[in-house]
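Report on one structure; see the data block that follows.
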Amino acid sequence: MAVEDLAFLIPLLPALAFVLTFFLGKKLPTGGAIIPIAAIATSCVISLLITINLLQNPEEVINQSYSWFAMFNIGILIDPLAAVMLSMVTFVSLLIHIYSTGYMSHDKAPSRYFAETALFTASMLGLILSDNILQLFICWELVGVCSYLLIGFWYQKPSAASAAKKAFLTTRVGDVMFLAGIVILFADLFKIYGGTVPDGVYVLRFDEIFAQIPEIAAMHVNILGMEVSHITIITLLFFGGAVGKSGQFPLHVWLPDAMEGPTTVSALIHAATMVTAGVYLVARTFPMFIAAPSSLLVVAYLGAFTAIFAATMGIVMNDLKRVLAYSTISQLGYMMLGLGVGAAIGAEAVGISLFHLINHAFFKALLFLCAGSVIHAVGTHDMRQLGGVAKVMPITAATMIIAAFSLAGFGIPGTIIGFSGFFSKDPIIESAYLFAEGSGMWLPYLFSIVAALLTSLYIFRLVFMTFFGKPRTDYGGHESPISMTIPLSILALFALFFGGLTRTTFYEFVSETFVNDFVHMDIPALAEMGGYHLSHGAHHEPLLILWMPVIVAVAGLVVAYLIYGMKIVNMDNLVSRNNPIYKLLYNRYYQNAIYTDFFSVKVIYEGLACAGRAIDTGFDWTVNWISDFTLEAGDSLRQFQTGVIQTYATYVVAGVGLLIVLIKVILEVL
Numbered sequence: 029m030a031v032e033d034l035a036f037l038i039p040l041l042p043a044l045a046f047v048l049t050f051f052l053g054k055k056l057p058t059g060g061a062i063i064p065i066a067a068i069a070t071s072c073v074i075s076l077l078i079t080i081n082l083l084q085n086p087e088e089v090i091n092q093s094y095s096w097f098a099m100f101n102i103g104i105l106i107d108p109l110a111a112v113m114l115s116m117v118t119f120v121s122l123l124i125h126i127y128s129t130g131y132m133s134h135d136k137a138p139s140r141y142f143a144e145t146a147l148f149t150a151s152m153l154g155l156i157l158s159d160n161i162l163q164l165f166i167c168w169e170l171v172g173v174c175s176y177l178l179i180g181f182w183y184q185k186p187s188a189a190s191a192a193k194k195a196f197l198t199t200r201v202g203d204v205m206f207l208a209g210i211v212i213l214f215a216d217l218f219k220i221y222g223g224t225v226p227d228g229v230y231v232l233r234f235d236e237i238f239a240q241i242p243e244i245a246a247m248h249v250n251i252l253g254m255e256v257s258h259i260t261i262i263t264l265l266f267f268g269g270a271v272g273k274s275g276q277f278p279l280h281v282w283l284p285d286a287m288e289g290p291t292t293v294s295a296l297i298h299a300a301t302m303v304t305a306g307v308y309l310v311a312r313t314f315p316m317f318i319a320a321p322s323s324l325l326v327v328a329y330l331g332a333f334t335a336i337f338a339a340t341m342g343i344v345m346n347d348l349k350r351v352l353a354y355s356t357i358s359q360l361g362y363m364m365l366g367l368g369v370g371a372a373i374g375a376e377a378v379g380i381s382l383f384h385l386i387n388h389a390f391f392k393a394l395l396f397l398c399a400g401s402v403i404h405a406v407g408t409h410d411m412r413q414l415g416g417v418a419k420v421m422p423i424t425a426a427t428m429i430i431a432a433f434s435l436a437g438f439g440i441p442g443t444i445i446g447f448s449g450f451f452s453k454d455p456i457i458e459s460a461y462l463f464a465e466g467s468g469m470w471l472p473y474l475f476s477i478v479a480a481l482l483t484s485l486y487i488f489r490l491v492f493m494t495f496f497g498k499p500r501t502d503y504g505g506h507e508s509p510i511s512m513t514i515p516l517s518i519l520a521l522f523a524l525f526f527g528g529l530t531r532t533t534f535y536e537f538v539s540e541t542f543v544n545d546f547v548h549m550d551i552p553a554l555a556e557m558g559g560y561h562l563s564h565g566a567h568h569e570p571l572l573i574l575w576m577p578v579i580v581a582v583a584g585l586v587v588a589y590l591i592y593g594m595k596i597v598n599m600d601n602l603v604s605r606n607n608p609i610y611k612l613l614y615n616r617y618y619q620n621a622i623y624t625d626f627f628s629v630k631v632i633y634e635g636l637a638c639a640g641r642a643i644d645t646g647f648d649w650t651v652n653w654i655s656d657f658t659l660e661a662g663d664s665l666r667q668f669q670t671g672v673i674q675t676y677a678t679y680v681v682a683g684v685g686l687l688i689v690l691i692k693v694i695l696e697v698l
C-alpha cells in the first residue's frame, strides 16, 4: 500500500484517540496519554513520509475526493503547503503530548486533558487537509470548540471559565465574517454556473474556486458610491476570520487571557494549532488575495501594526506566559505582513510567511514549555518573584535562551550562521522593504523594524529577570523530569538549526503549491489583474537593510542587559502607575475596559436589558388589556343570564326573526 493511501489516517487516528481516551483513559496510567501519543506519532510518520515523497516528486499532489450532497464534497488535498503544515503540527503536538505526561502528572483529570488535546490536534489536521472551503470551515469551528474546552480546562477557576468564554465569543466575530465570505462566494459561483451546477463539479473545492477567480473579480457592487469587486469583499471577509483566529488587532484580546489554561495548552494553541489556522487560511486562498486590488494592502498594514502594537505591551508584562502571549500576537503580525507583501513579490510571499510560521512553531513551543517547566518547578509565573532560576534549572535555562535568540532573530546576513528565527523573520522585513521601495508605502517596513527592536527587548527582559541575578523569593526549585527536558532539548535543536539548514529547499518546495496539476495558477497574471507589478529575479537590498534587523536585535539585548542584568537604571520611577505611558501599556491600551466594560456591558448587555424591559412592558400591557377586556365582557354577558325562561324565549324569537329578515335581504340583493 502506497503511503498516499494512508493520508486519511492523519486526522482520523487522533480523532479515534480522542474517543478511546475519553472513555478508557481513567482506567489507564497517566490518564491514557499513551493512546494520543501513539496516534499522533503514527500521523507524524505518515506526514513526514508524504512530505519526503513530495520533495522528491513535487507534482505528485495527493487529492482524494468523495461526493457529499451532490454539489459538495469531502476531500483530502496534500500539496507542499499542506505537507509542511502537517509535518509541523504532528511533530510539535507529539512533543507537547510527551511533555504533558510530566507536566499534568498531578492533575485531577488527565484523561479529559489528553482526550481534548487529541481532538484539538485532529481538528487542526482536518483543517489543513481540506480540499474545499466548506470542509475547512467545519474543522475551523471544531478547532474553536476545542480551544474553548482547553482554555477553560480548569473551569473551577472563574478566571479560566471567563477566559474560555472570551476566546469563544471573540473568535466568533471573525468566524461570522468568514462564513459570510463563503456564502457570497457560493452565490457567485452558483451564478457563474448559470444556476445549475454541472455533474462532477464540486462548487467550493479550491481548484473550482481558483478557476473562477477572473469571473468573480469581474462582479462588482456599489458601496457608498464606490464600485467594489466581489473578490475584494470575499477576501476581506476571509481575512476577518483570520483576524479572529490568528489574534490580529483588534480581535487579539482573547489570546493573552487564554493563558488561564495549562501551559501545555498555551504551547499547543500558540505554536501548532489555533492561531496558525488564520495564517494558513490566507496562504491557502492566496490566489484570491493576489487578484484583489485592496485586500493584500489591508493584510500588510494590519499585520505590521499588530506586530508593533503587541510588542509594546510585551515589554511591560510581568507574567511569564503573558509576555509570550503578546510575543505570539506580534509574530503572527509578521506572518500576515509576509503574506501582505505578496503585492510586491508574488507567490514567494507564501513561502516566506510559512517558513516563519514553521520556525515560530519550534521556538514558541519551546518558550512556552520552558515557561511551563519553570512554573512546574517553582510554583509561580510572576517574573518579579524569580531570578537566578538558571542555577537550579540549567537545562530549562539553556533551552529558553536558545529560543530567545531565535525569536529575536540573531544571525549573520549572507551566511548560514544564525538561529532559526533569523532565517525566517528577516526575509519578511526585507520583503517589506521591497514592498515599500516599489509602492512608496514605508509604514509596514518601519513598524516591522521597531517591532524587531521591542521583540529583542521584551524576550531578554524575561531571560534576565527569570534566570539571572539573585532569587527575589525563596521559591526553591528543581530541574524538571526527563519526560519534560527531552522535548525541550529536541525543540532547542530545531530552534537552533532548522532555519539555516532548510531555508533554500523550503522556499523552492512551497513555491510549487500553486503550480501543480490540482491547482495550476498563473500568479503573475492574477497579480496584473489586481493591478500589481511583481518584482522578478534576485533581490539586492542595500547592506544596511540586510543588517538592520540584526542591529536592532543586538540593541534590544544590550538595553535589556544594562537595565535588567546590570541594573544601571533605576526602573522604580519608570515602572509606576504615575507614568502615563507605562500605565497605558500595562492596562493594554484599555482595550479590556472598552470591549468588556463599555461595549459588552453598556452596549450589548444594557441594550438587551432595555429591549427586554420594553418587550416585557409591552407584553404586560397586552396581557393586562386582554384580561381587563375579558373580565368586562364577562360581566356584561352575565347580565343576560337572568334564569327567567320567558326572557330566554324572547331572545330566541327575536334572534330567529332577525335571521329571517337578514336572509330575505340577502336573497333580494343577489
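Quick note on numbering: the sequence shown equals residues 29 to 698 in the numbering used here. Glycine included, every Cβ here is placed at the ideal spot set by N, Cα and C.
- Taking the C-beta atoms as reference points, T145 is found nearer than 8 Å to P64.
- Nearest to T118 by alpha-carbon distance, out of V587, A372 and P39, is P39.
- Here E87 carries a coil assignment [DSSP, helix/strand/coil].
- In this structure, DSSP gives Y560 a state outside helix and strand, which the three-state scheme calls coil.
- In this structure F495 is buried. Its beta-carbon is surrounded by 16 or more other beta-carbon atoms within 10 angstroms.
- Looking only at I104, Y94 and K55, the smallest Cα-Cα distance to I78 is reached by I104.
- Taking the C-beta atoms as reference points, G527 is found no nearer than 8 Å to S476.
- Under the three-state reduction of DSSP output, V231 falls in the coil class, being neither helix nor strand.
- Boundaries for V256: no alpha helix (DSSP H) harbours it, while the beta strand (DSSP E) harbouring it runs M254 to S257, taken from the DSSP string.
- According to the DSSP assignment, F488 belongs to the alpha helix (DSSP H) that extends over L471 to F495.
- Residue range P186 to I220 is occupied by the alpha helix (DSSP H) that includes V201.
- Counted as a single uninterrupted DSSP element, the stretch harbouring H568 is not any beta strand (DSSP E), since DSSP gives it neither H nor E.
- For V249, the three-state secondary structure derived from DSSP is strand.
- L232 is a Cβ neighbour of I161, given a cutoff of 8 Å.
- Taking 8 Å as the cut-off, the beta carbon of S467 is found no closer than this to the beta carbon of A377.
- Out of I259, T541 and G497, the CA that lies nearest to the CA of I244 is found in I259.
- The alpha-carbon separation between M247 and Y362 amounts to approximately 32 Å.
- The C-beta distance from S71 to L170 rounds to 16 Å, too long to meet the 8 Å contact threshold.
- Between the region 385–405 and the region 283–296, the count of C-beta pairs closer than 8 Å reaches three or more; the two stretches touch.
- Under the 8 Å Cβ criterion, the region 404–415 counts as touching the region 497–506, having at least three qualifying pairs.
- CA-CA distance, V211 to V586, rounds to 52 Å.
- L474 and A69 have their alpha carbons spaced roughly 42 Å apart.
- A check of alpha carbon separations from P108 across L76, W96 and I444 identifies L76 as the nearest.
- From the listed residues L157, K136, G172 and Y131, the smallest Cα separation to F148 is found for G172.
- A direct Cα-Cα distance of roughly 9 Å separates I551 from F314.
- Here the alpha carbons of E32 and S190 stand approximately 43 Å from one another.
- Taken atom to atom, the span from the alpha-carbon of P441 to that of L41 is near 42 Å.
- Non-local beta-carbon contacts of N387 in its own chain, meaning distances under 6 Å to residues more than five positions away in sequence, involve S448, G449, S452 and G527 in chain order.
- DSSP places Y617 in the helix class (H, G or I) of the three-state scheme.
- Assigned with DSSP and collapsed to three states, G289 falls in coil, not helix or strand.
- Residue ranges of uninterrupted alpha helix (DSSP H) with 4 or more members, entirely inside the region 383–446 and ordered along the chain, are 417–420 and 422–436.
- The shortest C-alpha to C-alpha distance from L414 to any of L348, M205 and I510 is the one to L348.
- Cα atoms of G342 and G306: separation of roughly 22 Å, rounded to the nearest angstrom.
- Judged by beta-carbon spacing, P321 lies within the 8 Å limit of G558, meaning their Cβ atoms are closer than that value.
- DSSP places I106 in the uninterrupted beta strand (DSSP E) bounded by F100 to I106.
- Cβ neighbours of S401 within its own chain (closer than 6 Å, five residues either side excluded): T424, S508 and M512.
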